[in-house]
Amino acid sequence: MKLLSNKALLLWIDLSIIFISQVLCGPTALSFKPKEIVTYDLNGHCAHAHDKNTYQMKKFEIKIKEENKNSISSFFSNMFKYVLNQNEEEEKNNTQNQNRTALENPFEVQYQCNCEDIYCDRIKNSFEKIPSYFSRALDIYTPIKLRLNIFSFSESEYRSNSSALAITTPPPYLVLKDSEKGWPFSYPLTLIKQLNTDLEIQYAPDEDDYDIDIDINTDKMGDFEYFTAMLAHEILHGMGIYYLIQPLSMTIPDFNNGNDMVIPPINIIETEDELDSSKKIEFKTFLPPSIYERNFVDLEKMIENNGSLSEDYYFFNENYYGAFKDIPLNFTIHQPIQDNIEEQSLQNFNETIYNWKGTSLAQDFYHTASYSNSVGFLTQEGDILKIQTYDNEYSSDLFHISTPYYCESKEKCTIEEETDHHLLDFGPNFVMLSKYYLMELNAEEKIEHCAPNNTYGLLGDGLVHMLTTMGWTEKNHEPNDKLYYIVMEDELNSIELEDPVNPTNDELKLITNQLDVASLTASDAINTIKNLGNTLIYIYLLSLICLFLI
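Quick note on numbering: the sequence shown equals residues -25 to -1, 1 to 525 in mature numbering (1 follows the signal peptide of the UniProt record, and there is no 0).
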C-alpha cells in the first residue's frame, strides 16, 4: 500500500511538472510595445519620442479556450486557470462572442497627481465627458485602462529634458490575422480586448502597466482649463490611430543606404557598453505593420483615375508586407562599427533590402508621402480621410488628419500665423489634427464651432469609420463578430498565406458605390475627380457667360 502511494505521488509530481512547464514555458503571442508619442506644446505637433524604430518586446501567455480543451481533464483545466490567476470575473470578461454588452463607461482611469490641485482638477474636469463621447460613438465591451500622470516635467528627473505638453505611451501590440490563412498585422491591445480571438490572451500586467499611459506637463498647461479634446486625441492614438512604419534612415542611423524608403517595424534591441560607451544593436526580425497602415491609399492615383477605387491604389501589397518572411535578419553590430564582420553584416543587409520585392513600394511611399495631399485612409464605409503630409518633407504626422488648408511645412504654416483661428475651418475631424486649436473653448463649444453636424459630437464620422475599419464596432451597428487568429512568437516565419492582403476590385466596387462624394470635405478627404469635374464644368459655363456678356 505504501509502494502504491509512492507511485501515485511520483505520478502526481510528474504530471504537475509537465503541466506547470507547459504553462510557464508554453507558447507566447508575438507582441511588442511601441515608442511613445510626444505633443510638444499647445500648438505643437505630435511626434514619436525617439528617432529610432525600437520596440520593447512583451510576453503574452495564451490560454486555451474551452472548446479547445477536449484533451485536458477538468482538473487540469481548473488548475490551468488557477496558475494563470484568472478569477471568475476575468473568465467572464474573457468569454468572447457571448452576450457582449457595450459599456456606458468604457474607461477605467487612474490619476497620478504630483502637482498643485488646480492642474489636477483641470484634467479631472476635462475627462468627465470623455466616456460619454466615446460610448456615444462606439460599442466598447471591455474597459480600457488609462493612467493620467499630471506633474511638472522640469521638476522630474524622468522627464526633465522634455518640453512636451503630453507624452503618451501606447498599449502593447499583438500580431493577429483576420482569417486562418490571412496576412498578419499588428493590433493594439485596446482593440484586441474587444475582438473575438481563436485563443484567449492572458495578459498579466505589471502593477503600473496600463493600456494607455499619458504624462501631462503642468509647465505647458498655462491658464487654459479645457483639455477634453487633447485627452480624446491621445486616447484615439492608443486605440489604433498610430503608425509603425519608419524611414530606413531613422531605423538605422548613420547607415549609408542611398535613396530612403519606408520599411516595416524591426525588433531592434539596443544596449550600452559601459566600458567603451559604444552601443550594441541587435537586429532580430521584421514585424508586421499595423492594421492602421493597411488602409493607406494613394490619393494622386485616385484623382488621375476619376475617383475610382482599385486594389492597385493601396500603397502596400504582399511584396511589402512579406518583409518578415523574405528578409532574414538576426545580426548584431555596434555604433560605431567595430570590425570587418559588422561592416560585412551591414553590407549584406544593404544588398538584401535593395533586392527585396517590396523595395520599389517602400521607396514610392517615402517619395509620395513627402508631398501634401498624397496619402489617404480608405474606410470600409467609403470615407477617404486625408492624412497629414507636407511638401518636400517626410514627417512623422501620418497618424493625424490633414488640415483643410495648406501649410508650407511641419514647422511653418503662414495661414495660421496670419489668421484668427476662430475664422479657420478645422473640419469635422478636428480632434485628430496635428495640433491643438482653440484651447480657450470647451469641448461643446469646439463641436459647435468646428463640426455641428457630427453624428457623435466630438468624434467625427470619418474618425469613427476609421476605427471601425480597423475592427471597432460603431454604436447601434452590427458588432464585429469576425474571428481573429493570434500569431505565436515561433509562427511568423512559417505562417501560411493564401488570402489577398487588400480588398479585390470587386469588393472595392461595393465601397465605391458607398462613396458620398458630395459630402467629402477638405478636412477629411480629397475631392475625387467627380467633384473636380463639376467644378471645371461650372468654371467653363461661367467663362462662357462672361464671354457672351463681353
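Positions of the beta carbon are idealized from the N, C-alpha and C atoms, including for glycine.
Remember, it's a predicted structure, so these values are computed and weren't measured experimentally.
Give the secondary structure of residue i by DSSP, where H, G and I count as helix, E and B as strand, and everything else as coil.
| i | result |
| --- | --- |
| Ser107 | helix |
| Phe128 | helix |
| Glu65 | Note that Glu65 has pLDDT 41, beneath the 50 cutoff, so the model's placement of it is unreliable and no number is given. |
| Tyr295 | helix |
| Met277 | helix |
| Cys382 | coil |
| Ala77 | coil |
| Thr193 | helix |
| Ala24 | Its pLDDT being 46, under 50, Ala24 is placed unreliably in this model, and the value from its coordinates should be taken loosely. Coil at Ala24, not helix or strand. |
| Ser224 | helix |
| Glu268 | helix |
| Lys387 | coil |
| Asp481 | helix |
| Asp188 | strand |
| Phe405 | helix |
| Lys120 | strand |
| His375 | coil |
| Leu398 | helix |
| Ile470 | coil |
| Ile302 | coil |
| Ile216 | coil |
So residue i is in the alpha helix (DSSP H); what residue range does that whole segment cover?
| i | result |
| --- | --- |
| residue 529 | The shown model of the chain, from -25 to 525, leaves out residue 529, and the question about it has no answer. |
| Asp436 | Asp436 to Met445 |
| Glu464 | It is not in any alpha helix (DSSP H) - Glu464 carries neither H nor E in the DSSP assignment. |
| Ile167 | Leu164 to Ile167 |
| residue 526 | Nothing can be reported for residue 526: it is not among the residues displayed for the chain, which extend from -25 to 525. |
Which first and last residues belong to the beta strand (DSSP E) in which residue i is found?
| i | result |
| --- | --- |
| Ala207 | Where Ala207 is concerned, there is no enclosing beta strand (DSSP E), although the alpha helix (DSSP H) it sits in stretches over Thr203 to Gly213. |
| Thr394 | First-last for Thr394: undefined, no H or E at that position. |
| Tyr288 | Run containing Tyr288: none; DSSP gives neither H nor E here. |
| Val476 | Run containing Val476: none; DSSP gives neither H nor E here. |
So what does residue i bridge to, in DSSP terms?
| i | result |
| --- | --- |
| Ile241 | Phe261 |
| Glu453 | Answer is none; Glu453 lacks a bridge partner. |
| Leu113 | Glu449 |
| Asp248 | According to DSSP, which records beta bridges pairwise, Asp248 is partnered with nothing at all. |
| Thr143 | Ile12 and Ile189 |
| Lys255 | Thr246 and His309 |
| Asn89 | Phe126 |
| Leu458 | Asn171 |
| Pro159 | Lys152 |
| Phe199 | DSSP, once it has assigned bridges, lists no residue as partnering Phe199. |
| residue 537 | Beyond the ends of the chain as shown, which are -25 and 525, falls residue 537; an answer cannot be given. |
| Tyr431 | Leu434 |
Could you confirm whether any beta carbon from chain C is found closer than 7 Å to the beta carbon of residue i?
| i | result |
| --- | --- |
| Leu413 | No chain C appears in the structure shown, which is made up of a single protein chain. |
(message) Report the start-end ranges of each alpha helix (DSSP H) in the segment 306 to 372 that is 4 residues or longer and not cut off at the edges.
(response) 315 to 329 and 334 to 343
(request) Please determine if the segment 421 to 440 and the segment 140 to 151 are in contact, where contact requires at least 3 C-beta pairs separated by less than 8 Å. (result) no
(request) Indicate whether the contact test is met: 3 or more Cβ pairs, each with one atom in the segment 113 to 127 and one in the segment 187 to 195, closer than 8 Å. (result) yes
(message) Would the segment 430 to 442 count as touching the segment 209 to 216 if we require 3 or more Cβ pairs under 8 Å?
(response) yes
(message) For the segment 89 to 104 against the segment 194 to 204, do three or more pairs of beta-carbon atoms, one drawn from each stretch, fall closer than 8 Å, so that the two count as touching?
(response) yes
(request) Check whether the segment 307 to 317 touches the segment 338 to 349, counting contact only when three or more Cβ pairs, one atom from each stretch, lie closer than 8 Å. (result) no
(request) Taking 8 Å as the threshold, find out whether the segment 325 to 335 comes into contact with the segment 250 to 264 through three or more Cβ pairs. (result) no
(message) Any contact between the segment 258 to 268 and the segment 232 to 247? By contact I mean 3 or more CB pairs, one from each, below 8 Å.
(response) yes
(message) Quick test of the definition: if touching needs 3 or more C-beta pairs under 8 Å, does the segment 297 to 305 touch the segment 463 to 470?
(response) yes
(request) Flag this pair as touching only if the segment 368 to 386 and the segment 161 to 176 have three or more C-beta atom pairs under 8 Å; answer yes or no. (result) no
(request) Flag this pair as touching only if the segment 78 to 96 and the segment 396 to 406 have three or more C-beta atom pairs under 8 Å; answer yes or no. (result) no
(message) Would you call the segment 269 to 278 in contact with the segment 350 to 360, where contact means no fewer than 3 C-beta pairs closer than 8 Å?
(response) yes
(message) When you compare the segment 454 to 462 with the segment 144 to 162, are there three or more beta-carbon pairs, one atom per stretch, that lie closer than 8 Å?
(response) yes
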